[in-house]
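J.: Counting from 127, one number per residue, gives the positions in the sequence shown under my numbering. Take this structure, written in structure tokens, and hold onto it; I'll ask about it next.
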Amino acid sequence: MSQPLPSPAAHAREILARLGVTGLSADGGSLVRSPIDGQVMAHVAFDDARAIEAKVASAARAFRAWRCVPAPRRGELVRLLGEELRAARADLAALVTLEAGKIASEGAGEVQEMIDICDFAVGLSRQLHGLTIASERPGHAMRETWHPLGPVAVISAFNFPVAVWAWNACLALVCGDPVIWKPSEKTPLTALATQALLDRAIARFGEDAPAGLSCVVLGGRDAGERLARDPRVPLVSATGSTRMGKALAPVVAERFGRSILELGGNNAMIVAPSADLSLALRAIVFSAAGTAGQRCTSLRRLIVHESLVDKLGDAVAAAFARLPAGDPRQDGVLLGPLVDKAAYEAFVHALDQARADGAEIIGGERLNLADAPDAFYVRPALAHLPAPTAGMARETFAPLLYVVPYAEFDEAVAMQNDVPQKLSSCVMTNDVREAEAFMGPWGSDCGIANVNIGPSGAEIGGAFGGEKETGGGRESGSDAWKQYMRRQTATVNYSGALPLAQGVRFDL
Ligand code: NAD
């Protein structure tokens, strides 16, 4: 028989001690609760205005030194971070589970994602390449170079408490930028643990790493706003709700700062008549119910050909009903908790709205686990509707899957596109014309368009993000690194004459 699990609070204390996390307040400050049992795991003190000012000033000083360190050497620091993450993988993954409520393999997957982006960034540190451009003037050379930008603020959401930081921090560090991290107020412990691992890497790296190269700012919305307003922070990379992005973007723009916004999603799957239904079923259940529906890429809208909708709907409902729920640390559990009571209330509200719109709801009940009355576990819900409703155009951050039928493929694509969030999308089809059309210019208008894969679970090699209410930002792979640098065009005259561009004459 397996050992009984320690309480989340005791478990977290044990891990934090092993990782050498200091600075937790004994009591007072802000409470950190585990979604697993709803109980307090720790207390942390938020940074006040003075502390934030000191951290930003220190990052600005660090920039002056770090930008002069050769990029491949900066990559070495990220390589060491990858080693620390590999060594602490199990502890950090368990802490993600304790603080965000993800099942164990998703906690481990999140740390794996951090390791993957370290590897990616190390390679990138030798590939921060510019261009040589033909000059129209004889004896002239023109080139485009990428230079370090300055301190980068990373504001992150609770549901990817560490991977989002890694996407940003690993690129920022190799690009020559210090990092100031304001994690979600719901998940400060994983942030402190990650910073402790980076501090270990910095200690091994040696004196090329200036003080203030990376720090954590603890706080809520106010702390994020402070960073958004600060002109010493040229880039704010913010992940969270569309509401947050709408408040933050004008503040950064007002001072001509740059922002990368990774906001809400409202992701759909189209299931066409030719689809492999067993593949579709697995993709639906993982992407709708995985992380208890709390991924930005979670599947929220299922658009099914009318000939399949009853059969597939029944299969999904049966799979939802069978999903093993409980303490996400336990082997075999696939359904963990919602993050808190507010998330549960938003779920109930969306179900009520769907019912009022005429939906037939299957599932959606609260699961009262005997040993966790203050935690919020729910059975994933299916809401069958004859046609899209206004409620479907909103993101509910919980396992609620709307199902609507379609007759013609073009109609399905139009439904998929008819929401303001544009993050992830997918089609399940074996018809190459449908697949290509979905990925083409009149197909899905999302940042991510998949074929025969669900909408969630992106790899780090691609650029991640989406348009409109999703914010327009791109992070992680491809050429996302360019946002962490400033572009410079330089022209060199190695002739003895001074010809002007466009043939302009200015003879003295
Ligand atoms: P949230 O918007 O409540 O908080 C996110 C972060 O923003 C927190 O650190 C918070 O303190 C900070 N914040 C809030 N208001 C702010 C303001 N006005 N100025 C500066 N900072 C502010 O989001 P959440 O509940 O933690 O996360 C869930 C949301 O995040 C969902 O909408 C989800 O889709 C989205 N998300 C998006 C992505 C993506 O890559 N597109 C990834 C993960 C989560």
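The beta-carbon is built from N, C-alpha and C at its ideal position, and this holds for glycine as well. No experiment lies behind these values; they were computed from the predicted model shown.
#1: Tell me, please, which residues DSSP counts as bridged to E388.
#2: By Cβ distance, which residues of its chain are closer than 8 Å to Y620, with the 5 residues on each side in sequence left out?
#3: When the Cα atoms are used, what is the spatial distance from A327 to L339?
#4: Give the C-beta separation of P274 and G256 to the nearest angstrom, bearing in mind that I take them to be a contact with Cβ-Cβ under 8 Å.
#5: Would the stretch 347-361 and the stretch 179-187 be scored as touching if the rule is three or more Cβ pairs under 8 Å?
#6: By Cβ distance below 8 Å, which residues in the same chain neighbour M127 in space, the five residues on each side in sequence not counted?
#7: Along the chain, where does the alpha helix (DSSP H) that runs through I579 open and close?
#8: Just the C-alpha distance for A443 and T522, rounded to the nearest angstrom, thanks.
#9: Run the proximity test for V290: is its beta-carbon closer than 7 Å to any non-hydrogen atom belonging to the ligand NAD?
#10: Under a Cβ-count criterion, where at least 16 other Cβ atoms within 10 Å of its own Cβ denotes burial, should N393 be classed as buried or exposed?
#11: For G580, verify whether its CB is less than 7 Å away from any heavy atom of the ligand NAD.
#12: Please work out which residues of its chain come closer than 8 Å, Cβ to Cβ, to R604, disregarding the five sequence neighbours upstream and downstream, and give them in chain order.
#13: Less than 7 Å separating the Cβ of N576 from some heavy atom of the ligand NAD?
#14: Does DSSP classify S340 as helix, strand or coil?
#15: Closer than 7 Å: is that where the CB of F502 sits relative to any heavy atom of the ligand NAD?
#16: A247: beta carbon under 7 Å from a heavy atom of the ligand NAD?
#17: Please say whether V411 and H445 have beta carbons closer to each other than 8 Å?
#18: Runs of 3 residues minimum, wholly inside the stretch 388-439: which ones carry the beta strand (DSSP E) assignment?
#19: Buried or exposed: which applies to G484, given that a residue is buried once 16 or more other Cβ atoms fall within 10 Å of its Cβ?
#20: Within 10 Å of its beta-carbon, does P581 have 16 or more other beta-carbons around it, so buried, or fewer, so exposed?
#21: Among R408, F564, I178, I259, which one has its Cα closest to the Cα of L341?
#22: So does I281 have its beta carbon nearer than 7 Å to some heavy atom of the ligand NAD?
#23: Could you check where the alpha helix (DSSP H) with H266 kicks off and where it finishes?
#24: Does the beta carbon of R381 fall short of 7 Å from some heavy atom of the ligand MG?
#25: Specify, as a first and last residue, the run of the beta strand (DSSP E) that Q104 falls within.
#26: Run through DSSP, which three-state label would R330 get?
#27: Which residue's Cα is closest to the Cα of D174: A349, R381, D163?
#28: Identify the continuous beta strand (DSSP E) that holds M167 and give its terminal residues.
#29: Going by C-alpha distance, which of A143, V170, L145 is nearest S156?
#30: To which residues does DSSP link I574 through a beta bridge?
#31: Between the stretch 452-464 and the stretch 407-424, do three or more beta carbon pairs fall short of 8 Å?
#32: Return the chain-ordered list of same chain residues with a C-beta closer than 6 Å to the C-beta of I259, the five sequence neighbours on each side being excluded.
#33: Quick test of your reading: L549 and R426, contact by CB under 8 Å. State the CB separation rounded to the nearest angstrom.
#34: By DSSP, does P684 sit in helix, in strand, or in coil?
#35: Within 7 Å: the Cβ of A606 and any heavy atom of the ligand NAD?
#36: Nearest to E351 by alpha carbon, out of S310, A575, S133?
T.: A quick look at the data gives this:
#1: Position 262 of the sequence shown, counted from the first residue, corresponds to residue 388. Per DSSP, T365.
#2: Position 494 of the sequence shown, counting from 1, holds the residue named residue 620. Within the same chain, Y620 has close Cβ partners G265, H266, A267.
#3: Against the sequence shown, residue 327 aligns to sequence position 201. Against the sequence shown, residue 339 aligns to sequence position 213. Distance between the alpha carbons of A327 and L339: 12 Å.
#4: The residue you call residue 274 lines up with position 148 of the sequence shown. The residue you call residue 256 lines up with position 130 of the sequence shown. No, P274 and G256 are not in contact; Cβ-Cβ is about 13 Å, not under 8 Å.
#5: yes
#6: Translated into positions along the sequence shown, residue 127 becomes position 1. Reliability fails at M127, whose pLDDT of 43 lies under 50, so the model's placement of it is uncertain and no value is given.
#7: For the purposes of this step, residue 579 is identified with residue 453 of the sequence shown, where counting begins at 1. Per DSSP, I579 belongs to no alpha helix (DSSP H) and is neither H nor E.
#8: Residue mapping note: residue 443 aligns to position 317 of the sequence shown, counting from 1. Residue mapping note: residue 522 aligns to position 396 of the sequence shown, counting from 1. If you take the alpha carbons of A443 and T522, they lie about 19 Å apart.
#9: Counting from one through the sequence shown, the residue named residue 290 turns up at place 164. For the ligand NAD, at least one heavy atom lies less than 7 Å from the Cβ of V290.
#10: Against the sequence shown, residue 393 aligns to sequence position 267. Counting Cβ neighbours within 10 Å, N393 comes out buried, since at least 16 surround it.
#11: Position 454 of the sequence shown holds residue 580. Because no heavy atom of the ligand NAD lies under 7 Å away, the Cβ of G580 does not count as near it: no.
#12: Working through the sequence shown from its first residue, we reach residue 604 at position 478. Checking the displayed sequence, the identity of residue 604 turns out to be Ser instead of Arg. G587, G588, A589, listed in sequence order.
#13: As a first step, residue 576 must be located in the sequence shown, where it is residue number 450. No, Cβ of N576 sits at least 7 Å from all heavy atoms of the ligand NAD.
#14: Numbered from its first residue, the sequence shown carries residue 340 at position 214. It is a strand residue.
#15: Sequence index remark: in the sequence shown, residue 502 carries index 376 (1-based). Checking every heavy atom of the ligand NAD against the Cβ of F502, none is found closer than 7 Å.
#16: The residue given as residue 247 occupies position 121 in the sequence shown. Flag unset: Cβ of A247 not near the ligand NAD.
#17: As a working mapping, residue 445 is identified with position 319 in the sequence shown. As a working mapping, residue 411 is identified with position 285 in the sequence shown. Here the sequence assigns Ala to residue 445, which means His is not the residue at that position. Taking 8 Å as the Cβ cut-off, A445 and V411 qualify as a contacting pair.
#18: 393-397, 425-431
#19: Residue 484 sits at position 358 when you count from the first residue of the sequence shown. When all chains shown are included, G484 counts as exposed.
#20: Locating residue 581 in the sequence shown gives position 455, counting from the first residue. By the neighbour-count rule (16 or more Cβ atoms within 10 Å), P581 is buried.
#21: Translated into positions along the sequence shown, residue 341 becomes position 215. Note that residue 341 is Cys in the sequence shown here, rather than Leu. With distances taken between Cα atoms, C341 lies closest to I178.
#22: Working through the sequence shown from its first residue, we reach residue 281 at position 155. Yes.
#23: For the purposes of this step, residue 266 is taken as residue 140 along the sequence shown, with counting starting at 1. Segment 266-274 is the beta strand (DSSP E) holding H266; no alpha helix (DSSP H) there.
#24: By its list of ligands, the structure shown excludes the ligand MG, since it contains just the ligand NAD.
#25: This structure gives no information on residue 104, because the portion of the chain shown stretches from 127 to 634.
#26: Stepping through the sequence shown from its first residue, residue 330 is reached at position 204. In the structure shown, R330 sits in a helix (DSSP, three-state: H, G or I).
#27: One-based indexing of the sequence shown puts residue 174 at position 48. Among A349, R381, D163, the Cα nearest to that of D174 is on A349.
#28: Numbered from its first residue, the sequence shown carries residue 167 at position 41. Looking at the DSSP string, the run of the beta strand (DSSP E) that includes M167 is 166-170.
#29: Residue 156 sits at position 30 when you count from the first residue of the sequence shown. The candidate whose alpha carbon is nearest that of S156 is V170.
#30: As a working note, residue 574 is residue 448 in the sequence shown. Answer by DSSP bridge pairing, in chain order: S550.
#31: yes
#32: As a first step, residue 259 must be located in the sequence shown, where it is residue number 133. Only M268 meet the Cβ criterion.
#33: Here residue 549 refers to the residue found at position 423 of the sequence shown. Here residue 426 refers to the residue found at position 300 of the sequence shown. So it is not a contact: roughly 10 Å between Cβ atoms.
#34: Nothing in the structure corresponds to residue 684, since the chain is present only between 127 and 634.
#35: By one-based count along the sequence shown, residue 606 stands at place 480. No - the ligand NAD has no heavy atom lying nearer than 7 Å to the Cβ of A606.
#36: Position 225 of the sequence shown, counting from 1, holds the residue named residue 351. The shortest C-alpha separation from E351 is found at S310.
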